[in-house]
Each structure stands twice: as C-alpha cells, then as structure tokens.
Amino acid sequence: AGEKITVTPSSKELLFYPSEVEATITGESCPGRLVDIIGRAGLFLEGKVSPELQGVEISISARGAAAPLITVATNEAGAYSVGPLHSDRQYDITAKREGFVLSPVDGTPGDFKAFALAGVTFKIRSEDGQPLSGVLLSLSGGNFRSNLLTQDTGVLTFNNLSPGQYYFKPMMKEFRFEPASQMITVEEGQNLSIDITGVKTAYSCYGTVQSLSGDAERDVAVEAVGQGDCSLYSEDTVTDEEGRFRLRGLLPGCKYLIQLRAEGNDHIERALPQHRAIEVSGSDIEGVNIIACRQINHFDLSGNIITSAEHLPTLSVKLYRSDNLDNPINSVSLGQSLFFHFPPLDRDGESYVLMLYSTLSRSQFDYTLPQVSFTSSGYHKHVTLAFKPTRKVPDQDVAQGSYIALPLTLLLLLAGYNHEKVIPLLLQLVSRIQGVRSMSQSSTDSAAVEEAKRQAKRQKARHPTNQRDIGLREQRPTPHRRLALVLRLLVTCSARHAVFRSEFEPLDVHYDLIGDPGSLD
Numbered sequence: 002a003g004e005k006i007t008v009t010p011s012s013k014e015l016l017f018y019p020s021e022v023e024a025t026i027t028g029e030s031c032p033g034r035l036v037d038i039i040g041r042a043g044l045f046l047e048g049k050v051s052p053e054l055q056g057v058e059i060s061i062s063a064r065g066a067a068a069p070l071i072t073v074a075t076n077e078a079g080a081y082s083v084g085p086l087h088s089d090r091q092y093d094i095t096a097k098r099e100g101f102v103l104s105p106v107d108g109t110p111g112d113f114k115a116f117a118l119a120g121v122t123f124k125i126r127s128e129d130g131q132p133l134s135g136v137l138l139s140l141s142g143g144n145f146r147s148n149l150l151t152q153d154t155g156v157l158t159f160n161n162l163s164p165g166q167y168y169f170k171p172m173m174k175e176f177r178f179e180p181a182s183q184m185i186t187v188e189e190g191q192n193l194s195i196d197i198t199g200v201k202t203a204y205s206c207y208g209t210v211q212s213l214s215g216d217a218e219r220d221v222a223v224e225a226v227g228q229g230d231c232s233l234y235s236e237d238t239v240t241d242e243e244g245r246f247r248l249r250g251l252l253p254g255c256k257y258l259i260q261l262r263a264e265g266n267d268h269i270e271r272a273l274p275q276h277r278a279i280e281v282s283g284s285d286i287e288g289v290n291i292i293a294c295r296q297i298n299h300f301d302l303s304g305n306i307i308t309s310a311e312h313l314p315t316l317s318v319k320l321y322r323s324d325n326l327d328n329p330i331n332s333v334s335l336g337q338s339l340f341f342h343f344p345p346l347d348r349d350g351e352s353y354v355l356m357l358y359s360t361l362s363r364s365q366f367d368y369t370l371p372q373v374s375f376t377s378s379g380y381h382k383h384v385t386l387a388f389k390p391t392r393k394v395p396d397q398d399v400a401q402g403s404y405i406a407l408p409l410t411l412l413l414l415l416a417g418y419n420h421e422k423v424i425p426l427l428l429q430l431v432s433r434i435q436g437v438r439s440m441s442q443s444s445t446d447s448a449a450v451e452e453a454k455r456q457a458k459r460q461k462a463r464h465p466t467n468q469r470d471i472g473l474r475e476q477r478p479t480p481h482r483r484l485a486l487v488l489r490l491l492v493t494c495s496a497r498h499a500v501f502r503s504e505f506e507p508l509d510v511h512y513d514l515i516g517d518p519g520s521l522d
C-alpha cells in the first residue's frame with residue numbers, strides 16, 4: 002500500500018498522450034481504472050541519398066530548435082527512416098558527410114544528392130626553385146572565397162571544394178607570377194596540383210629603429226621616398242616588436258631616402274640621422290639602422306647674472322606668466338652664485354616673463370632691474386641679466402647751506418623789522434663775544450684799555466656838553482651802525498654753527514672783516 006508506479010506506453014507506430022502516467026497504490030485490492038491514455042499514429046520521415054552513399058549523417062530537429070532532436074545515418078542503400086514523431090509539429094532535415102557536398106533535391110523533401118568534394122594544391126617557387134613564403138593566394142568560385150598566405154614550404158592546399166569553376170591569383174610585392182591569374186575547372190572528386198613561379202622585379206631594404214640607449218622602438222612608421230626620376234614611388238612599413246623593418250617593392254636603378262614618417266610618429270621628436278640615402282641595384286639592402294629620439298615634454302630655463310660679488314646676496318629672480326604678473330610661479334635667490342636654474346616647465350608654448358629683484362636701498366644706489374620675455378617652445382632657454390648699481394654721491398654742503406639759509410633769512414627779516422628791540426640784545430651778545438676775546442689778549446692790551454679809560458674820563462671832565470651829545474648819539478644808533486650790528490650778528494651765528502660742524506671742514510670766521518663797532522661811527 003502507498004507504492005508509486007509510473008506507466009510509460011510505447012509502440013513502433015503510435016505516439017501516446019500523455020506519454021507517461023504516475024499512480025499511487027492504496028489498499029489491498031486493484032485500484033481499477035486510473036487514467037486514460039490515448040494512442041495516435043506517429044509521423045515517419047523517410048528519405049535517401051543519391052547516388053547511394055552509406056554513412057551520411059541525417060539530423061532531425063524541430064523547427065526553430067537549436068539542437069537536433071534525432072540523428073541517424075543512411076544504410077547501404079543510402080536510405081533512412083525516422084519515426085514516429087509528433088504529427089502536429091514541423092521538422093528540419095540536414096545531411097552531411099566529410100568529403101562530400103549534400104544538396105537537397107527540389108520537390109522531394111528528405112532526399113539529398115551527394116557530390117564528392119574536390120581539392121586543389123598550389124606550389125609556389127622562385128626562379129631558382131626555392132619555396133616562396135608570404136605569397137597571398139586568392140581562390141574564389143561559386144559560394145567559395147578564400148585568401149591564404151604561403152608558409153616556408155610555399156605550398157597551399159584547398160580541400161572540400163564543390164565541383165565547378167574557380168579563379169586564383171597569387172600576389173606579393175617585388176614578384177611577378179607565372180601564371181599571374183587563371184580560371185580552372187574542378188571536377189567532382191578531383192584533386193588538382195598547380196605550379197606557380199615567382200619572378201623578382203623589385204627589392205627590399207632591411208633595418209632597425211632603436212633609441213639612444215639601444216632599446217628597440219616598436220610601431221614606428223618608416224618610409225622610403227624616391228628621388229629624381231623615381232620621385233613618384235614611395236613605400237612605407239612599421240617596425241615590429243624587435244624594432245626591425247622591411248621596406249618592400251624598391252625598384253632597381255632608383256635612389257631612395259629612408260626616414261621616419263612625419264605622420265604617425267607623434268612620440269618621436271627626431272631621428273639620427275634624419276634620413277639614409279640608398280640606391281637599389283640587383284639585390285636587397287640590409288643594415289639601414291636609425292636612432293629615434295623620443296619627444297621631450299618639458300622646457301628647461303637657466304640663466305646667469307653679470308654683477309659684482311658684493312651684490313649677489315641682495316638679488317633674486319622671479320618667473321611670471323605673461324597674463325598674471327602679480328603672482329610669481331617660481332623664485333630663485335642668487336646667494337653666492339652667478340648662475341640660476343628653474344624647475345622644468347611644460348613645453349606648451351606659453352608666454353613667460355623673468356624679472357630680477359634687489360634689496361639694495363634706492364636712497365643709496367641708482368640701478369635698473371632688467372626683465373626678459375620668452376615662450377616655452379623648444380627645449381631650453383638661457384637668459385643673461387646685467388645688474389650694475391651705482392652709489393649716490395652725498396651733496397652735504399649744499400644741503401647744509403640750504404638748512405642754514407632759511408633760519409638766517411628769517412632772523413634777518415625779524416631783526417630789520419624789530420630793530421629797536423633786537424639791536425640792544427645784539428649789542429649785549431657782541432659785548433660778551435668781545436669779552437671772551439679780550440680775556441685771551443696779552444697783558445699789554447689790558448693796560449692799553451685802562452689807559453684809554455683814563456683818557457676818556459679826562460676828556461669828559463673837559464667837555465661835558467660834548468659827552469652828553471655822544472651819549473645821545475649812542476642811545477640813537479644811526480642806520481649805518483644798525484647795519485653793522487646785523488652783519489656782526491650773522492657772523493656770530495655762523496661761528497656758533499661752525500662749532501656743531503666739527504666733523505666736517507672747519508669754517509674760518511674772520512671777525513676783523515667787520516671791525517670794531519666804534520670805528521663805524
């Protein structure tokens with residue numbers, strides 16, 4: 002009890018719906034009728050291959066399905082039969098066998114006609130019988146197209162060709178082939194062998210492209226440019242992983258320049274030498290080697306200063322972009338060196354301005370700060386800047402004279418305007434100066450003064466009236482005396498000013514130029 006069973010009906014001619022039934026047995030008695038299974042006549046697909054061919058693989062697949070449903074092989078009579086199949090579906094039938102072409106027969110579904118495949122072998126050699134490698138052979142006919150290169154043996158074989166007509170053409174630079182091209186007819190099951198001879202009509206140039214360090218430069222475009230009467234001819238190629246190149250098709254009797262192409266070599270700046278001249282005769286040319294210099298993407302800036310060593314510590318050089326003269330890009334202090342060098346710039350053709358700066362005092366030196374404008378094209382720029390300051394000459398006498406003239410002029414104007422108040426003060430000052438001078442005189446001078454006083458007293462006693470008049474004249478100085486006093490005041494002030502100028506050239510003051518005030522009366 003509880004046992005599960007699966008019922009699957011089968012027949013050579015019928016198909017059953019459903020194809021299988023699963024049931025569970027319960028109790029001790031027979032369960033009786035469980036489900037109905039309907040049998041229907043199946044669909045049989047039959048066909049044959051002619052001529053009779055055994056072993057042809059026949060594949061049956063449902064319409065639109067990727068994988069075949071059933072695969073069978075034809076019998077000795079070339080016939081096959083597949084079934085039963087569901088009659089409510091559509092099917093596709095294909096046939097194949099190695100070495101044969103199987104084509105469906107029109108009007109008879111499931112039948113095929115077999116054609117034995119043919120083969121063609123091409124043997125390509127040079128004039129001296131040596132195999133030619135690298136020859137491109139094109140073969141086409143019907144729905145068949147193929148292009149193959151010969152290997153070291155110089156042999157190419159095309160198998161599984163359907164019977165029919167085919168066209169072939171060998172091609173390779175530097176060679177002319179015999180036959181150059183030809184139409185051939187291939188029979189069913191036939192294997193043809195065709196010989197082709199290559200005649201050399203041009204030659205090759207072999208060489209290498211390397212860097213300065215000797216490393217191989219790969220993917221560099223190289224060209225041969227014809228000269229003179231051969232200027233219409235040119236060839237080009239690209240170096241391989243080892244930096245090697247081969248320029249084919251160079252015509253005999255022509256001169257060529259072997260050089261790197263301008264286009265396609267953006268990473269190469271220049272070549273050494275720029276080009277190699279060759280002349281083609283009757284053989285290949287080897288050993289044409291070229292050194293490639295890679296593109297340098299930075300710009301070096303250096304310079305020097307023409308100046309004396311004592312000014313170097315005060316100098317610095319600043320670099321600006323021409324469109325931004327407020328913010329320097331870099332700055333270099335000279336220190337003790339006449340030369341300077343900036344970090345590399347981008348080689349982008351931008352405009353720059355180089356300026357020289359100095360901390361020398363403008364009040365003590367006269368100088369001009371040079372500047373240079375340039376663009377970052379090329380690889381290097383060297384700048385020479387001249388800095389020649391000159392020390393200023395101090396004009397002390399003129400300056401001091403100007404300082405003295407103003408107060409003396411003001412003092413003279415005040416004295417002339419207020420002569421009644423100023424003159425007594427000036428007389429007192431002059432008396433004091435004369436007192437200082439009299440102390441330095443000899444004793445004989447003192448005696449002479451005393452004698453002069455006694456004589457004056459005697460004259461006063463004799464002429465009292467005249468003495469009174471003299472006193473009145475002394476109280477009322479004449480204009481001539483006033484001018485003398487002012488001049489003496491100027492001389493006195495100049496003498497006192499000379500004391501403070503002791504560190505400069507002494508000023509000679511001659512009091513005797515004025516004389517005694519009494520003598521001007």
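In our numbering, each number is its position in the sequence shown, counted from 1, plus 1. Backbone N, C-alpha and C define an ideal beta-carbon position, used for all residues, glycine too. Computed from a predicted model, the values in this text were never measured in an experiment.
query, result
"Residue(s) in a DSSP beta bridge with Lys-389", "Its beta-bridge partners do not exist; DSSP assigns none."
"Residue from Asp-237, Ala-203, Gly-135 with nearest C-alpha to Ile-259", "Asp-237"
"Delimiting residues of the beta strand (DSSP E) encompassing Ile-197", "192 to 201"
"Local Cβ density within 10 Å of Tyr-380, reported as buried at 16 or more and exposed below that", "exposed"
"Beta-ladder partner(s) of Tyr-234, from DSSP", "DSSP lists no partner for Tyr-234."
"Per-residue DSSP class, three states only, for Arg-126", "strand"
"CA nearest to the CA of Pro-69, picked from Glu-77, Ile-59, Gln-211, Asn-76", "Ile-59"
"C-alpha distance - Ser-317 paired with Pro-329, whole-angstrom precision", "12 Å"
"Whole-angstrom C-beta distance between Phe-159 and Ser-141, which should lie under 8 Å", "Not really, about 11 Å apart at Cβ, beyond 8 Å."
"Val-394 burial status per 10 Å Cβ neighbour count (16 or more: buried)", "exposed"
"Beta strand (DSSP E) runs contained entirely in the segment 297 to 338, provided each spans 3 or more residues", "299 to 307, 316 to 322, 331 to 334"
"Sub-8 Å separation of Leu-46 and Val-106 beta-carbons", "no"
"Exposure of Pro-390, with buried meaning 16 or more beta-carbon neighbours within 10 Å", "buried"
"Distance, Glu-77 Cα to Gln-55 Cα", "5 Å"
"Option nearest Glu-373 by Cα separation, candidates Asp-220, Leu-355, Leu-412", "Contrary to the premise, residue 373 reads as Val rather than Glu in this sequence. Here the closest residue by C-alpha is Leu-355."
"Per-residue burial, Val-450 [other beta carbons within 10 Å of its own, 16 or more giving buried]", "Caution is warranted here: a pLDDT of 45 is assigned to Val-450, below 50, making its placement in the model unreliable, and the coordinate value is therefore given only provisionally. The residue is exposed, with fewer than 16 neighbouring Cβ atoms inside 10 Å."
"Gly-336 versus Ile-306: straight-line alpha-carbon distance, rounded", "11 Å"
"Contacts around Gly-350, its chain only, beta-carbon distance under 7 Å, and the 5 residues preceding and following it disregarded", "Thr-376, Ser-377, Ser-378"
"Which listed residue (Phe-246, Val-221, Leu-251, Glu-218) has its alpha carbon closest to that of Leu-233", "Leu-251"
"For Lys-422, three-class secondary structure by DSSP", "helix"
"Pairwise C-alpha distance: Ser-104 and Phe-113", "5 Å"
"CB contact flag (Phe-101, Ala-117, <8 Å)", "yes"
"Separation of Phe-145 from Val-50, as counted between CA atoms", "24 Å"
"Residue span of the beta strand (DSSP E) that contains Glu-287, given as start and end", "286 to 295"
"Backbone CA spacing between Arg-262 and Met-173 [nearest angstrom]", "23 Å"
"Coil, strand or helix - Arg-433 by DSSP", "helix"
"Burial state of Ser-432 (16 or more Cβ within 10 Å)", "exposed"
"Extent of the continuous beta strand (DSSP E) run through Pro-180", "Note, Pro-180: premise wrong, no beta strand (DSSP E); not H, not E."
"Own chain residues within Cβ distance below 7 Å of Arg-219, not counting five before or after", "Thr-240, Asp-241, Glu-242, Gly-244"
"Inter-residue CB distance, Ile-94 and Gly-48 (contact presumed, cutoff 8 Å)", "7 Å"
"Separation of Phe-388 from Phe-501, as counted between CA atoms", "Note that Phe-501 scores a pLDDT of 43, beneath 50, so its modelled location is shaky and nothing firm can be said."
"Residues that Arg-1 bridges to, as DSSP identifies them", "This structure cannot settle anything about residue 1, because the visible part of the chain is limited to 2 through 522."
"Per-residue DSSP class, three states only, for Pro-1", "Nothing can be reported for residue 1: it is not among the residues displayed for the chain, which extend from 2 to 522."
"Where the beta strand (DSSP E) containing Pro-85 begins and where it ends", "80 to 86"
"Distance between Leu-137 and Pro-1 (C-alpha atoms, nearest Å)", "With the chain covering 2 to 522 only, the question about residue 1 has no answer from this structure."
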